[in-house]
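Below is one structure, written out as C-alpha cells, with a few remarks after it.
In my numbering, the protein residues as written are 1 to 92.
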C-alpha cells in the first residue's frame, strides 16, 4: 500500500495533527483517507497517540484525502482528547 502524508504535521492545541492518503491499489486512481494525532514526548521526541484509516471512504483526489484526514484529526483533538499535560485522574 502506498501512503502519502501531508508535507507537515500541523501544531493544533498542543498536539500535532497530520492527514494522509493511502492508495487503494497500484492500478486504482482512488485513495483511502487517513490521519494521525501526535504529542510531544521527552527529549524532543514525538509520540503518535492516534492513527485512523477510513477504508470504506475513498476519494479520487490525493490532496482531498489528505485534507479530509487532517480535518478529522482536528475533530479528534477537539472532541476526544484532553489538553496535553492534563491529568484525567484529577476530579475537580
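No residue lacks a Cβ here, since even glycine has one placed at the ideal position from N, Cα and C.
Are the beta-carbon atoms of residue 9 and residue 51 separated by less than 9 angstroms? Numbered from its first residue, the chain shown carries residue 9 at position 9. Numbered from its first residue, the chain shown carries residue 51 at position 51. No, the pair does not count as a contact, with Cβ atoms beyond the cut-off.
Neighbourhood of residue 49 by C-beta distance below 7 angstroms, restricted to the same chain and skipping five residues each side: Position 49 of the chain shown, counted from the first residue, corresponds to residue 49. Same-chain partners within the cutoff: 37, 38, 39.
Collapsed DSSP secondary structure at residue 28 in the structure displayed: Residue numbering aside, residue 28 sits at position 28 when the chain shown is read from its first letter. Coil, per DSSP.
Excluding the five sequence neighbours on either side, which residues of its own chain have a C-beta within less than 8 angstroms of the C-beta of residue 85, listed in chain order? Taking the chain shown and counting its residues from 1, one reaches residue 85 at position 85. Same-chain partners within the cutoff: 14.
Any heavy atom of the ligand ZN within a distance shorter than 8 angstroms of the CB on residue 66? The ligand ZN is not part of the structure shown, which contains no ligands of any sort.
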